[in-house]
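Protein chains in written order, with the numbering used here: chain A, 1 to 319; chain B, 1001 to 1319.
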């Protein structure tokens, strides 16, 4: 099959073996896949990943030995494949299973190929109202929904989202639905305008002065974003850390203790509410698509996705 | 009056002016004061404080112009004097008032003197069952109680307290009362034995291998403690930061996001439950007293308190 293979460089492989599902897993024909910032970082060497990257996808189940009822269904899939039997899994935290593999990120080939494997337990059927181009956003939209899954956002809260990129856009749309007093701060007027058109107040970071928010969500991926977020969260407020950073960050932990700030790390989130919001038209993802490339042009697609000002770039894998 | 004055060096002043309470405040004759690690840090230059240090005390109200009903009462006092009218105060977070002064720490003379001033609203009467030597621990015991005030400790939680010093001792005793599966890790066998005698499992840090705790409380005051705490908290677990550190700490924030850890800063806590626990004999503080000095020997007392292996050193101010 055709597959993108990351081996320090992105390689296009034309005869990559079609995978066979082990017990409990399904083979899915990928229709569309999305390029995420994590993919760009993997290409730069993050986690030293070798294999097929890609973890945002929509596809169709073609083979599922133990679960033939899934064959032919259009699905999205949770990316962490857990062991199911360790104490962490049994405690109900499978996305943190220490034995997990993660689609296209760690120990498991991903979605930038004609076929992928995932445990059937990870799959979610996509309702017919949600087109492929929207369904491919379920994974990052679920990551945005992890925030209200972890912390209670009050309708009266002053919430600042730092970052106007792909993740910031989805986080802002999700948090807007709480009725909270929302402000998105970013560096890119065009990206902020996408949110402004939905009625979300925005501000360029250079224009932001003194702020005091109940909740600040850090989505910039830069250590400077962390320091701004720390400065803008009120005492006893919450700083949600969605970003991952290269290396360590110098942090003033004393001020976190003195101000009794809660710093909450946040990663993968729940798929069912993401599908509901798309089905009900409460979140718009189509306007975030900036380009589409066929799978064989993945290298160009990656370059495009890495350009300043670009939001989502999709890969068309199969019809 | 006799007062200890911090002016880079600790000075003993014999004719320091007796303070007069402004409206809303009371003058308290200090009976006993306690030396806290923060006092040792102030002496080393922390916050560049000039004035009378000391914030752990028990005393008797001598003058209270607006509230004569308090005169003669034996009291302890919350250390943050808030403005009462700013948005933070009105939102019910007076200990974070941006206009606050803090007894013996910031903008307000403290307890290492014959008299101090505090707002009457900060005072709590000490029940007769609680002797002076125990009442002087109410402030740090309240800081320990801030942990269950901020987060829900489940009786089934695996909780690790890092640090066997003054604060670690009180935190461990308070958390033991939840019924949780508690382990205190420290560097000092004698200090750990104080806890072991209360039935609390303990371990020397050098003996601690792989651990995975639902909650880790960092009470060491050293950046190494933070890194150990981070390593030992499970994914989606909580790291309570009681320590303040000199300068910034290099932290791997990416792992906080990936493991969805909650880092909760924690500082001053509620006085009424601290008084209840002492009154009901559920926490022992007397065994933490290692030395007592008269106020005029404050410099020697500070030196003693800074010695390795020493827990609480008290200053006897007036009978």
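Even for Gly, the Cβ is constructed at its ideal location relative to N, Cα and C.
Residues of chain A with CB closer than 8 Å to the CB of residue i, please, in chain order.
i, result
"residue 1245 of chain B", "253, 254"
"residue 1236 of chain B", "93, 96"
"residue 1283 of chain B", "In chain order: nothing, as chain A lies at least about 22 Å away."
"residue 1310 of chain B", "Going along chain A, no residue has its Cβ under 8 Å from residue 1310 of chain B, so there is no contact; the nearest lies around 23 Å."
What does residue i touch in chain A if you count any residue whose Cβ is under 7 Å from its own?
i, result
"residue 1242 of chain B", "257"
"residue 1250 of chain B", "248, 250"
"residue 1226 of chain B", "253"
"residue 1121 of chain B", "Per Cβ cutoff of 7 Å: no residues; residue 1121 of chain B is ~19 Å from chain A at best."
"residue 1233 of chain B", "What residue 1233 of chain B touches in chain A: nothing, since even the nearest Cβ is about 11 Å away."
"residue 1317 of chain B", "Within chain A, no residue comes near residue 1317 of chain B; the closest Cβ sits about 27 Å away, beyond 7 Å."
With C-beta atoms as the reference, is residue i less than 7 Å away from residue j?
i, j, result
"residue 217 of chain A", "residue 171 of chain A", "yes"
"residue 19 of chain A", "residue 117 of chain A", "yes"
"residue 205 of chain A", "residue 187 of chain A", "yes"
"residue 166 of chain A", "residue 31 of chain A", "no"
"residue 42 of chain A", "residue 75 of chain A", "no"
"residue 269 of chain A", "residue 173 of chain A", "no"
"residue 1121 of chain B", "residue 1067 of chain B", "no"
"residue 113 of chain A", "residue 64 of chain A", "no"
"residue 1010 of chain B", "residue 1299 of chain B", "yes"
"residue 1134 of chain B", "residue 1278 of chain B", "yes"
"residue 1208 of chain B", "residue 1185 of chain B", "yes"
"residue 96 of chain A", "residue 88 of chain A", "yes"
"residue 1244 of chain B", "residue 257 of chain A", "yes"
"residue 29 of chain A", "residue 115 of chain A", "yes"
"residue 1125 of chain B", "residue 1073 of chain B", "yes"
"residue 183 of chain A", "residue 155 of chain A", "no"
From the options, pick the residue whose C-alpha is nearest to that of residue i; which is it?
i, options, result
"residue 1260 of chain B", "B/1220, B/1214, B/1188, B/1160", "B/1214"
"residue 169 of chain A", "A/289, A/278, A/130, A/195", "A/195"
"residue 227 of chain A", "B/1210, B/1253, B/1111", "B/1253"
"residue 1179 of chain B", "B/1302, B/1157, B/1185, B/1198", "B/1157"
"residue 1281 of chain B", "B/1083, B/1128, B/1103, B/1292", "B/1128"
"residue 1053 of chain B", "B/1035, B/1246, B/1070, B/1208", "B/1035"
"residue 85 of chain A", "A/247, A/100, A/15", "A/100"
"residue 1319 of chain B", "B/1037, B/1039, B/1023, B/1059", "B/1059"
"residue 1317 of chain B", "B/1303, B/1307, B/1293", "B/1293"
"residue 1288 of chain B", "B/1197, B/1047, B/1002, B/1110", "B/1197"
"residue 1136 of chain B", "B/1017, B/1231, B/1271, B/1223", "B/1271"
"residue 314 of chain A", "A/291, A/47, A/199", "A/291"
"residue 1262 of chain B", "B/1283, B/1247, B/1234", "B/1234"
"residue 1275 of chain B", "B/1098, B/1132, B/1230, B/1229", "B/1132"
"residue 283 of chain A", "A/16, A/199, A/98, A/222", "A/199"
"residue 1079 of chain B", "B/1246, B/1070, B/1110", "B/1110"
"residue 1004 of chain B", "B/1225, B/1049, B/1307", "B/1049"
"residue 1016 of chain B", "B/1002, B/1232, B/1130, B/1023", "B/1002"
"residue 238 of chain A", "A/22, A/153, A/70", "A/153"
"residue 1222 of chain B", "B/1212, B/1203, B/1232, B/1247", "B/1247"
Since residue i and residue j are thought to touch, with beta carbons under 8 Å apart, how far apart are those beta carbons, to the nearest angstrom?
i, j, result
"residue 1033 of chain B", "residue 1056 of chain B", "6 Å"
"residue 236 of chain A", "residue 1108 of chain B", "Not confirmed; about 22 Å, so no contact."
"residue 267 of chain A", "residue 143 of chain A", "7 Å"
"residue 1006 of chain B", "residue 1077 of chain B", "With 8 Å as the limit, residue 1006 of chain B and residue 1077 of chain B do not qualify as a contact, their Cβ atoms being about 20 Å apart."
"residue 145 of chain A", "residue 273 of chain A", "5 Å"
"residue 220 of chain A", "residue 309 of chain A", "15 Å between Cβ atoms; not a contact."
"residue 151 of chain A", "residue 264 of chain A", "6 Å"
"residue 141 of chain A", "residue 240 of chain A", "In fact, because the Cβ distance is near 16 Å, the residues do not count as touching under 8 Å."
"residue 1181 of chain B", "residue 1159 of chain B", "7 Å"
Since residue i meets chain B, which of its residues come closer than 9 Å, beta carbon to beta carbon?
i, result
"residue 266 of chain A", "1257, 1260"
"residue 159 of chain A", "Here the premise fails: no neighbours, minimum Cβ distance about 16 Å."
Would you mind telling me which residues of chain A sit closer than 9 Å to residue i, beta carbon to beta carbon, in chain order?
i, result
"residue 1270 of chain B", "Under the 9 Å cutoff, chain A gives no residues; its nearest Cβ is about 13 Å from residue 1270 of chain B."
"residue 1049 of chain B", "Result: empty, since nearest Cβ-Cβ is about 14 Å, beyond 9 Å."
Using 6 Å as the cut-off, classify the Cβ of residue i as near or not near the heavy atoms of the ligand FMN, replying yes or no.
i, result
"residue 188 of chain A", "What this structure holds is no ligand at all, so the ligand FMN is not there to describe."
Residues of chain B with CB under 8 Å from residue i, in chain order?
i, result
"residue 60 of chain A", "Neighbours of residue 60 of chain A on chain B: none; closest Cβ ~31 Å, over 8 Å."
Handout entry: Against chain A: residues of the segment 1068–1093 of chain B by CB proximity under 8 Å
Key = 1088, 1093
Handout entry: Residues of the segment 1096–1117 of chain B whose Cβ lies closer than 7 Å to any Cβ of chain A, in chain order
Key = 1096
Practice task
Compile a chain-ordered list of the residues in the segment 160–182 of chain A whose CB is closer than 8 Å to at least one CB of chain B.
Solution key: none
Practice task
Closer than 7 Å, Cβ to Cβ, to anything on chain A: give me those residues from the segment 1199–1229 of chain B, in chain order.
Solution key: 1226
Exercise for the section: Closer than 7 Å, Cβ to Cβ, to anything on chain A: give me those residues from the segment 1135–1147 of chain B, in chain order. Expected result: none
Practice task
Give, in chain order, every residue of the segment 1–35 of chain A whose Cβ lies closer than 8 Å to some Cβ of chain B.
Solution key: none
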